[in-house]
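In the working numbering, the protein residues as written are 8 to 291.
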Amino acid sequence: MSPEELLQKYADGERDFSALDFAEVNLHEVNLSGADFSDVDFARATLTHLNFGSCSLGGVNFVDADLEGTNLCRADLNTADMIGANLCGAALSLANLTGVDLSAATLMMAKLLGANLTGTNLMGANFIGANLMGANLCGANLSGTNLCATYLYGADFRETDLDSANLNRALHSPKTQFPQGFDPLKAGSSLIASGVDLSRANLSGRKLPSVDLSNANLSHADLRKADLGWANLKGANLQGTNFFQANLSGANLSGANLKDANLKSANLSGTILPDGIVHGAGTV
Numbered sequence: 008m009s010p011e012e013l014l015q016k017y018a019d020g021e022r023d024f025s026a027l028d029f030a031e032v033n034l035h036e037v038n039l040s041g042a043d044f045s046d047v048d049f050a051r052a053t054l055t056h057l058n059f060g061s062c063s064l065g066g067v068n069f070v071d072a073d074l075e076g077t078n079l080c081r082a083d084l085n086t087a088d089m090i091g092a093n094l095c096g097a098a099l100s101l102a103n104l105t106g107v108d109l110s111a112a113t114l115m116m117a118k119l120l121g122a123n124l125t126g127t128n129l130m131g132a133n134f135i136g137a138n139l140m141g142a143n144l145c146g147a148n149l150s151g152t153n154l155c156a157t158y159l160y161g162a163d164f165r166e167t168d169l170d171s172a173n174l175n176r177a178l179h180s181p182k183t184q185f186p187q188g189f190d191p192l193k194a195g196s197s198l199i200a201s202g203v204d205l206s207r208a209n210l211s212g213r214k215l216p217s218v219d220l221s222n223a224n225l226s227h228a229d230l231r232k233a234d235l236g237w238a239n240l241k242g243a244n245l246q247g248t249n250f251f252q253a254n255l256s257g258a259n260l261s262g263a264n265l266k267d268a269n270l271k272s273a274n275l276s277g278t279i280l281p282d283g284i285v286h287g288a289g290t291v
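The following block contains the structure:
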């Protein structure tokens with residue numbers, strides 16, 4: 008079936024495209040949501056910025072496929088072969104990735120909130136900057152996986168081996184579950200929670216909206232261009248902290264120590280200042 012036939016049949020209401028051969032096909036910015044592509048061959052295909060939301064993609068061959076920016080939210084990818092696939096910036100929130108082979112795949116800046124990755128092969132995969140909040144990675148193979156600068160709030164890493172994974176600059180929460188005996192702080196991840204010590208931490212450009220860092224020590228931390236919208240920084244030590252061009256809109260800084268902090272070009276719209284006064288619109 009040609010790409011043109013596929014699109015016409017989809018437009019006509021057909022949704023069953025299982026077990027077809029679309030190897031090396033080229034599709035861009037196409038809506039195919041809700042369709043059944045089970046056991047389809049998409050090897051080496053270019054499928055950038057497609058909408059595969061809620062699709063049945065079990066057993067699909069995505070080896071070396073380009074899925075950059077593609078929407079795979081709520082898709083069922085059970086046992087799909089995605090070795091070497093490019094998933095940069097892809098949306099995989101609430102997707103079923105159980106038993107998927109993602110070894111050597113690129114998932115930089117991908118969104119995998121609440122995704123099911125149990126038993127997934129992630130050996131050598133690149134997750135730099137990806138959001139894995141609430142994802143289930145129980146029993147996944149994380150040998151040599153790059154989790155640098157990832158968001159791991161509430162993720163489940165039980166029954167995994169993280170010893171060879173890169174967690175430098177990763178962020179986790181008290182609800183993140185790590186393997187027994189594994190120390191995420193020694194591995195380079197930072198705990199985001201009330202009362203933590205993040206003095207001199209490099210959090211520049213990080214997305215930290217609505218986090219609870221009340222009474223935390225962030226003195227001399229680098230928070231340039233960080234997103235702290237509606238964050239709780241009540242009573243925090245922010246002495247010498249660099250907030251250049253940071254988003255602090257709606258954040259609560261009541262009782263915080265802002266001595267020598269750099270707030271140049273920071274967004275303080277609706278921010279509760281240390282004296283309890285709510286800042287007006289705009290930057291400083």
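For each residue, glycine too, the CB sits at the ideal point set by N, CA and C.
Note that this is a predicted model, so its numbers are computed, not measured.
Check                                                                                                                         : Outcome
Residues of its chain near A233, where Cβ-Cβ distance is below 8 angstroms and the 5 sequence neighbours each way are ignored : L210, S211, G212, R213, K214, L215, F250, A253 and N254
L54: first and last residue of the uninterrupted beta strand (DSSP E) it sits in                                              : T53 to T55
7 angstroms CB neighbourhood of L104 in its chain, flanking five on each side removed                                         : L84, A122, N123, L124 and T127
Reference M8, options R22, E21, D19 and L27, closest by Cα                                                                    : L27
Endpoints, beta strand (DSSP E) assigned at L34                                                                               : N33 to H35
Burial state of I135 (16 or more Cβ within 10 Å)                                                                              : buried
Element boundaries [alpha helix (DSSP H), containing Q15]                                                                     : P10 to A18
Between the CA atoms of R81 and G141 - distance to the nearest angstrom                                                       : 14 angstroms
Environment of D229 [buried if 16+ CB atoms lie within 10 Å]                                                                  : buried
Beta carbon proximity, L230 to chain B, threshold 9 angstroms                                                                 : This model lacks chain B altogether; it includes just one protein chain.
Classification of K118 by the beta-carbon crowding that lies within 10 angstroms, buried from 16 upward                       : buried
Residues that DSSP places opposite Q184 in a beta bridge                                                                      : D163
Nearest-angstrom Cα separation, counted from L235 out to T53                                                                  : 36 angstroms
A98 - partner residues in DSSP beta bridges                                                                                   : N78 and K118
7 angstroms Cβ shell around L265 - same chain, five flanking residues per side excluded                                       : L245 and P281
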